[in-house]
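Single-structure report; data block below.
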Amino acid sequence: MTQPFWISTSWDDGHVLDRRVVDLLNRHNLRGTFYIARDYLPDRLSDSEIVVLAQEHEVAAHTLTHPILTEIALDDARQEIMGSKAWLEDLTGRPVTGFAFPAGIFNQDLRNLAEDVGFRVARSVRQFSIGTTGLDYLDLPTTIHIYPFPFRPVNSWRARFQPIRRAVPHILPLRIPLLALRNWPALATILLERASQQGGVWHLWGHSWEIEKYGMWDELDRILAVASRYSNAQPVTNSELVHALKQQAS
Ligand SMILES: [Zn+2]
Numbered sequence: 001m002t003q004p005f006w007i008s009t010s011w012d013d014g015h016v017l018d019r020r021v022v023d024l025l026n027r028h029n030l031r032g033t034f035y036i037a038r039d040y041l042p043d044r045l046s047d048s049e050i051v052v053l054a055q056e057h058e059v060a061a062h063t064l065t066h067p068i069l070t071e072i073a074l075d076d077a078r079q080e081i082m083g084s085k086a087w088l089e090d091l092t093g094r095p096v097t098g099f100a101f102p103a104g105i106f107n108q109d110l111r112n113l114a115e116d117v118g119f120r121v122a123r124s125v126r127q128f129s130i131g132t133t134g135l136d137y138l139d140l141p142t143t144i145h146i147y148p149f150p151f152r153p154v155n156s157w158r159a160r161f162q163p164i165r166r167a168v169p170h171i172l173p174l175r176i177p178l179l180a181l182r183n184w185p186a187l188a189t190i191l192l193e194r195a196s197q198q199g200g201v202w203h204l205w206g207h208s209w210e211i212e213k214y215g216m217w218d219e220l221d222r223i224l225a226v227a228s229r230y231s232n233a234q235p236v237t238n239s240e241l242v243h244a245l246k247q248q249a250s
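Going left to right, the sequence shown walks through residues 1 to 250 as this note's numbering numbers them.
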């Protein structure tokens, strides 16, 4: 039996440029989960835009002020996490069951806290995951971050090599050909092929403000076009993904 193949995308912070991401997702019939912090970006989506977004895609929590949660008191972290859930539920009139830790930084206490306050899914920023067995849904990994690859355009040599240096230990076990490490679209495409062939999830995540900063809109458009052409793919939000995985397991 062929394994299901899901495609998910997720977008952090709630920047106004998320509108452009939504347009691309809609054009390619794909789904998105938008993790929005209430008081973080000066140019975030308006409340009314978030209400509309929740009707088309998934709106998920990302704290109120986007602190690094491991650096504040646990009680304060609880207010940030619970407060962001309550804010979005009041605003959209819908249950909000997804969460992402700012900068992907958390510990076991914070993971448990997210579960205690009612989140069913917490997305991490780990990359290069395709398989679905043994996943912790409160530490949901991704497949690829839309970000310059293999080199970051900065002056520091150490920082410049960071993307490829971080990727290599995870990519080697996937037996990705070296040629696919030449640029971001090549890597994203081969990971799509792997997920389609072996079943599992291709989960793209990013920040619209970062796509703008690094001039990656055309690359995003092209990879979403490629993704949408897989006839065996099922586009899902992260909550839909976890729901499908739980059903499959039962
Ligand atoms: Zn964030």
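For every residue, glycine included, the Cβ atom is placed at its ideal position computed from N, Cα and C.
Cβ distance (whole Å) where residue i is taken to contact residue j below 8 Å
{"i": "residue 196", "j": "residue 238", "result": "No, residue 196 and residue 238 are not in contact; Cβ-Cβ is about 19 Å, not under 8 Å."}
{"i": "residue 181", "j": "residue 172", "result": "Between residue 172 and residue 181 the Cβ distance is about 11 Å, and since that is not below 8 Å, they are no contact."}
{"i": "residue 151", "j": "residue 161", "result": "7 Å"}
{"i": "residue 60", "j": "residue 69", "result": "In fact, because the Cβ distance is near 16 Å, the residues do not count as touching under 8 Å."}
{"i": "residue 104", "j": "residue 124", "result": "5 Å"}
Backbone CA spacing between residue i and residue j [nearest angstrom]
{"i": "residue 92", "j": "residue 38", "result": "13 Å"}
{"i": "residue 62", "j": "residue 229", "result": "31 Å"}
{"i": "residue 94", "j": "residue 20", "result": "23 Å"}
{"i": "residue 153", "j": "residue 163", "result": "11 Å"}
{"i": "residue 192", "j": "residue 220", "result": "14 Å"}
{"i": "residue 222", "j": "residue 28", "result": "10 Å"}
{"i": "residue 3", "j": "residue 234", "result": "11 Å"}
{"i": "residue 117", "j": "residue 109", "result": "12 Å"}
{"i": "residue 17", "j": "residue 79", "result": "27 Å"}
Residue i vs residue j beta-carbon contact at 8 Å
{"i": "residue 224", "j": "residue 24", "result": "yes"}
{"i": "residue 126", "j": "residue 102", "result": "no"}
{"i": "residue 5", "j": "residue 131", "result": "no"}
{"i": "residue 115", "j": "residue 138", "result": "yes"}
{"i": "residue 217", "j": "residue 143", "result": "no"}
{"i": "residue 244", "j": "residue 236", "result": "yes"}
{"i": "residue 128", "j": "residue 167", "result": "yes"}
{"i": "residue 15", "j": "residue 31", "result": "no"}
{"i": "residue 242", "j": "residue 120", "result": "yes"}
{"i": "residue 81", "j": "residue 113", "result": "yes"}
{"i": "residue 145", "j": "residue 209", "result": "no"}
Nearest candidate by alpha-carbon position, reference residue i, set the options
{"i": "residue 184", "options": "147, 243, 10", "result": "147"}
{"i": "residue 10", "options": "27, 3, 36", "result": "36"}
{"i": "residue 13", "options": "31, 109, 65, 57", "result": "65"}
{"i": "residue 90", "options": "74, 67, 47, 213", "result": "47"}
{"i": "residue 248", "options": "40, 134, 177, 194", "result": "134"}
Beta carbon proximity, residue i to chain C, threshold 8 Å
{"i": "residue 21", "result": "Of the protein chains in this structure there is only one, and it is not chain C."}
Which ranges does the beta strand (DSSP E) cover as unbroken runs of at least 3 residues, wholly within the stretch 42–106, from first to last along the chain?
-> Within the stretch 42–106, the beta strand (DSSP E) runs of at least 3 residues that lie entirely inside it are, in chain order, 58–61, 98–100.
Curious, which full-length beta strand (DSSP E) runs of at least 3 residues does the stretch 117–162 contain?
-> Runs of the beta strand (DSSP E) inside the stretch 117–162: 121–123.
Whole beta strand (DSSP E) elements within the stretch 165–244, 3-residue minimum | If only complete runs of 3 or more residues are kept, the stretch 165–244 shows the beta strand (DSSP E) at 200–206, 233–236, in order along the chain.
Write down every uninterrupted run of the beta strand (DSSP E) in the stretch 7–44 whose length is 3 residues or greater and which is fully enclosed by it, in chain order.
-> Qualifying beta strand (DSSP E) stretches, in chain order: 33–36.
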